[in-house]
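K.L.:
I have a structure here, written as structure tokens, and I will follow up with some questions on it.
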Amino acid sequence: MKILSITTATNHLNVALNDGDKIVEKNEEDHRNHSEHLDPLITELLKENNLTLKDIDRFAVAEGPGSYTGLRIGITTAKMFASILNKDLVGVSTLAALANGVNDGVIVSELDARNKNFFAGVYRKVNGKLENLVPDGHYHLDDLINKIKELGLPEEVVFVGSPIDKYQDEIEDLLGSDNFKQAAGDNQIHAGEIGKLALNKKAIDPDKMVPKYLRRTQAEIDWHNKTGKAFGPDSDYVEEV
Numbered sequence: 419m420k421i422l423s424i425t426t427a428t429n430h431l432n433v434a435l436n437d438g439d440k441i442v443e444k445n446e447e448d449h450r451n452h453s454e455h456l457d458p459l460i461t462e463l464l465k466e467n468n469l470t471l472k473d474i475d476r477f478a479v480a481e482g483p484g485s486y487t488g489l490r491i492g493i494t495t496a497k498m499f500a501s502i503l504n505k506d507l508v509g510v511s512t513l514a515a516l517a518n519g520v521n522d523g524v525i526v527s528e529l530d531a532r533n534k535n536f537f538a539g540v541y542r543k544v545n546g547k548l549e550n551l552v553p554d555g556h557y558h559l560d561d562l563i564n565k566i567k568e569l570g571l572p573e574e575v576v577f578v579g580s581p582i583d584k585y586q587d588e589i590e591d592l593l594g595s596d597n598f599k600q601a602a603g604d605n606q607i608h609a610g611e612i613g614k615l616a617l618n619k620k621a622i623d624p625d626k627m628v629p630k631y632l633r634r635t636q637a638e639i640d641w642h643n644k645t646g647k648a649f650g651p652d653s654d655y656v657e658e659v
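The opening position of the sequence shown corresponds to residue 419 in my numbering, with each subsequent residue numbered one higher.
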């Protein structure tokens, strides 16, 4: 099965072609304007592998958490391809994709959300398959470390994603141990890992896929405060502000 995977969740733009055990990736670092660079990168990847979009069996995309604008760019692109070509579409957790590149220990997949808050999930590899120990969510550092401690697991804790350098001492104090480290490698989200996880995941109707932000935008909060209406799964607050 040929899977074209996309991640625009962070400033690291990455696309990949998974075909069996073969994975080919292309990326652009530190570009914020993914809307201009995503399509040319996909075109380049397909051309170098003598393929067209019609040759792709399944499209996969990082569904969140991540940059609000970035997620919408990647998801909209993947939805469009799948819908027009009548192909499978699969959404994969950004945090699961990060964790899938790590093989040992208790894996804390995290993206710094500022002010000691993180988008994070805790995982572990069991017989090569990813197991979710703490659900993906928006956690303060204290809460995240407490959830790790509650697991009571003896393995080393491996953080993958945003650098934890400035929190080293605090994490050690909260964890009560120095048995943790930052994952080796670039700690970036790789579309190839999205493709691996998407292989056996159930496809979704493109019209029903929405980003999984894991946190309300400020605009949504302002809309809720102004209107008093309950939050919806993908509310129309923008039209009413």
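Cβ coordinates follow ideal geometry from the N, Cα and C atoms, glycine included.
#1: When burial is assigned at 16 or more other CB atoms within 10 Å of the CB, is E573 buried or exposed?
#2: Who are the near neighbours of N564 in its chain, counting only those whose CB is closer than 8 Å to its CB and skipping five residues on each side?
#3: At the level of alpha carbons, what is the spacing between Y541 and K505?
#4: If you follow the beta strand (DSSP E) that Y541 is part of, which residue opens it and which one closes it?
#5: Given 8 Å as the limit, is there contact between the segment 512-524 and the segment 542-552, that is, 3 or more CB pairs closer than that?
#6: Taking the alpha-carbon positions, what's the S653 to K647 distance?
#7: How many angstroms separate the CA atom of L459 from the CA atom of G570?
#8: Three Cβ pairs or more, each shorter than 8 Å: is that satisfied between the segment 421-438 and the segment 619-627?
#9: In this structure, how does DSSP classify V659 when only helix, strand and coil are distinguished?
#10: Starting from E446, follow its DSSP beta bridges and name the residues at the other end.
#11: How many Å lie between T461 and D554 at the Cα?
#12: Helix, strand or coil for G492? Go by DSSP, reduced to three states.
#13: If you count every other CB in all the chains shown that lies within 10 Å of the CB of N451, and 16 or more means buried, which is it?
#14: Taking all protein chains shown into account, do 16 or more other C-beta atoms lie within 10 angstroms of the C-beta of S595, making it buried, or fewer, making it exposed?
#15: For S527, which beta-bridge partners are listed by DSSP?
P.N.:
Taking the structure as given:
#1: exposed
#2: L592
#3: Each residue's Cα considered, the two are about 30 Å apart.
#4: 535-544
#5: yes
#6: With a pLDDT of 41 at S653, under the threshold of 50, the modelled position of this residue cannot be trusted; read the value that follows with caution. Answer to the nearest angstrom: the Cα atoms are 10 Å apart.
#7: When rounded, the distance between both Cα atoms is 44 Å.
#8: no
#9: Low per-residue confidence applies at V659: pLDDT is 26, beneath 50, and the placement is therefore not dependable enough to give any value.
#10: L431
#11: Rounded to the nearest whole angstrom, the CA to CA distance from T461 to D554 is 32 Å.
#12: helix
#13: exposed
#14: It counts as exposed.
#15: G539, V578
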